[in-house]
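I have placed the structure first, in the form of structure tokens, so that the comments after it can refer back to it.
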Amino acid sequence: MTVINNRYEFVYLFDVENGNPNGDPDAGNTPRIDPETGFGLVTDVCLKRKIRNYVDVVKQGAEGYNIYVAEKGVLSQTREPAYKTEEVQKLKKKDEQIAAARNWMCANFFDVRTFGAVMSTKENNCGQVRGPVQLTFAKSIEPIVPAEVSITRMAVETSKEAEAQEGDNRTMGRKHIVPYGLYRAEGFVSANLAQGDKGTGFSDADLELLWQALGGMFDHDHSAARGKMSPRGLIVFKHQDALGNAPAHKLFEAVTVTRREGDGPARSFTDYAVAVDKGAIPDTVAVDVKF
Amino acid sequence: MSGVKLRVWGEYACFTRPEMKVERVSYDVMTPSAARGILEAVYWKPSIRWVVDRIHVMKPIRFDNVRRNEVSAKVPVKGASGVNAAMKGGGEPLRLFIEDNRQQRAALVLRDVEYVIEAHFEYTSAEDRNDGKHLDMFNRRAGKGQCFQRPYLGCREFAAFFEPVEGDVPASPLADEPPRDLGWMLYDLDYRNDMAPLFFRPALEGGVVEVARALEREGVAS
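Here the protein sequences line up with chains V and P, keeping their order.
Mapped onto the working numbering, the consecutive letters of the first sequence carry residue numbers 412 to 702.
Mapped onto the working numbering, the consecutive letters of the second sequence carry residue numbers 151 to 372.
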């Protein structure tokens, strides 16, 4: 396990077809939308949840790849590895114990190692683990227009409802969908937070798994609400060292997504053109178009 | 002279008011402690301490509301379901179930922000006193876009972009507005004193938060 020692930035593109990528609890679970511009949003925590679920499914709780913040659905398949540690009993000092606990969490849990976690109780504060990977809100390329779809269920929940309808036994429901939306998220990997005694030990293998998760996470996240969601692009910028060689905004600006010629609203990924302007990127930063 | 100027900007920001932390509400402007954190993300050594003098507000102040599902618990360290028990083997498998510990929290966040931070550094010890070295390192890194970790605007999901400011700071679009009292605002945390928060009373004058002047006028209260 070699700890990463390069800074990375990445641009991640994904789209949704007739689905709701991320509901807004403040707006009756309609797709999140920026009220000022009409652009669609997907929060950072929504994407992180999918990454966690993917790793949980793929690694099946293999040692070092447990997921701390878990959804229940997957737990039944997870075989907990045996924890073997004598270290803690040997340690007498509180701060050493805290450090050992922190390191143990990082070594065993992928999500703690990647995104960090807050570990504290009332009486002893383990402080926070800051993870090297940072994601921002994903934003759609163009304004989205969510549609509300009414649906019928040929059954009712209670006998009271059945009596009220005189045996008609039907209920109406509604779904909110985005007919089509292409979203762009940007992310950062700070190698310094992975390295050293205070680092989380986030390794090259973990990084590969992260790219893999971004490529495959929608395949394990199908549901009635999501529609068809697909990863459409992952452009990774690798700097030469941990501090980096170029301002992040300059790298992000080199990735442009534009509408192709054509009328009317976009309805598929082919309506967009993704371009990476390699000329705008310094030679010291390697561009890797993963897909 | 040990002063630096850094332009920082981003799409969202949330400088949470400590009195409104559950459903987060951001201050109108960046706090000095958030500005210090951004400078430290670019360059810091234990022998120096960044002191923020001025924060220029370069975009109109606008708010937006975001509600998210968040976890309501922290990782327990002690107890049967805690880290220590799991490390010794036995106990329950260590997991935190989001369905059992869920809170939906709204956040009132700032939109489309841009600031220029003016700051200088002071020394914390007798060693390593070399103005030129620290200034050059900071300016070199800021110019190249290098950072120790990605700086952020209050919360890590709101990443900050940054670049050095050449010459004078351009005029703020808020320059013609009448001065505005920002009330008591978090200045920073006193790490020597059990992380006690320190407050000060700045004003927004001509689009600039005069941190140093507010400290001279009112000092800090904890």
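Ideal Cβ placement from N, Cα and C applies to all residues, glycine included.
Query: Considering just the uninterrupted stretch of the beta strand (DSSP E) at Glu354(V), what are its terminal residues?; Result: What is shown of chain V runs 412 to 702, which leaves residue 354(V) out entirely.
Query: Assuming Ile198(P) contacts Phe312(P) (C-beta within less than 8 Å), just tell me the rounded distance between them.; Result: The pair is not a contact, with the Cβ atoms about 18 Å apart (cut-off 8 Å).
Query: Using three-state DSSP, classify Glu447(V) as helix, strand or coil.; Result: coil
Query: Going by DSSP in three states, Ala665(V) sits in which element: helix, strand or coil?; Result: coil
Query: Between Arg217(P), Gln296(P), Pro301(P) and Val266(P), which lies nearest to Phe317(P) when the distance is taken from Cα to Cα?; Result: In the sequence as presented, Phe is not what sits at residue 317(P); that position holds Gly. Measuring from the Cα of Gly317(P), the nearest candidate turns out to be Val266(P).
Query: Who are the neighbours of Tyr162(P) on chain V, taking C-beta pairs under 9 Å?; Result: Thr547 and Phe548
Query: Beta-carbon separation of Val233(P) and Leu246(P) under 9 Å?; Result: no
Query: What are the residues of the segment 448-479 of chain V that lie near chain P, defined by any Cβ-Cβ distance shorter than 7 Å?; Result: Thr454, Asp455, Val456 and Tyr479
Query: How would you call Gln254(P), buried or exposed, if buried means at least 16 neighbouring beta carbons within 10 angstroms?; Result: exposed
Query: Taking Lys550(V) as part of the beta strand (DSSP E), name the residues at either end of that continuous run.; Result: Ala549 to Pro554
Query: Of all the CB atoms in chain P, is at least one closer than 9 Å to the CB of Met583(V)?; Result: no
Query: Report back the beta-carbon spacing between Val466(V) and Gly612(V) to the nearest angstrom; my notes put them in contact at under 8 Å.; Result: With 8 Å as the limit, Val466(V) and Gly612(V) do not qualify as a contact, their Cβ atoms being about 16 Å apart.
Query: Which residue from Ala256(P), Lys209(P), Arg204(P) and Val172(P) puts its Cα closest to that of Glu264(P)?; Result: Lys209(P)
Query: Determine whether the Cβ of Leu486(V) lies closer than 9 Å to any Cβ atom of chain P.; Result: In this prediction, Leu486(V) scores a pLDDT of 47, lower than 50, which makes its location untrustworthy; the coordinate-derived value is nonetheless stated afterwards. Yes, contact with chain P.
Query: Can you give the beta carbon distance from Phe663(V) to Val696(V), rounded, assuming they're within the 8 Å contact cut?; Result: In fact, because the Cβ distance is near 12 Å, the residues do not count as touching under 8 Å.
Query: Looking at the strands, I want to know which residues DSSP matches up with Arg670(V).; Result: Tyr683(V)
Query: Identify, in the order they occur along the chain, each residue of the same chain with its Cβ nearer than 6 Å to the Cβ of Tyr591(V), setting aside the five sequence neighbours on each side.; Result: Glu428, Ala677 and Arg678
Query: Shorter than 9 Å from the beta carbon of Glu313(P) to some beta carbon of chain V?; Result: yes
Query: Alpha carbons only, please: which of Arg637(V), Ala691(V), Lys701(V) and Lys661(V) is nearest the one belonging to Asn431(V)?; Result: Arg637(V)
Query: Counting Cβ pairs closer than 8 Å, one from the segment 590-610 of chain V and one from the segment 545-552 of chain V, do we hit at least three?; Result: yes
Query: Within this structure, are the beta carbons of Ala292(P) and Gly160(P) separated by less than 9 Å?; Result: no
Query: Cβ of Ile248(P) less than 9 Å from any chain V Cβ?; Result: yes
Query: Since Asn464(V) and Met565(V) should fall inside the 8 Å C-beta cutoff, what is the C-beta to C-beta distance between them, to a whole number of angstroms?; Result: Actually they do not touch by this definition, with Cβ atoms about 32 Å apart.
Query: For the beta strand (DSSP E) that Gly430(V) lies in, which residues bound it at each end?; Result: Tyr419 to Gly430
Query: What are the residues that DSSP puts in a beta bridge with Tyr591(V)?; Result: Glu428(V)
Query: What does the alpha-carbon distance come out to for the pair Ala236(P) and Glu249(P)?; Result: 22 Å
Query: So which residues on chain P does Phe599(V) lean against when the C-beta distance must stay under 7 Å?; Result: Arg300 and Ala309
Query: Since Asn280(P) and Pro314(P) are thought to touch, with beta carbons under 8 Å apart, how far apart are those beta carbons, to the nearest angstrom?; Result: Contact doesn't hold; Cβ gap of about 20 Å is too wide.
Query: Skipping 5 residues on each side, what residues in its chain have a beta carbon closer than 6 Å to that of Leu620(V)?; Result: none
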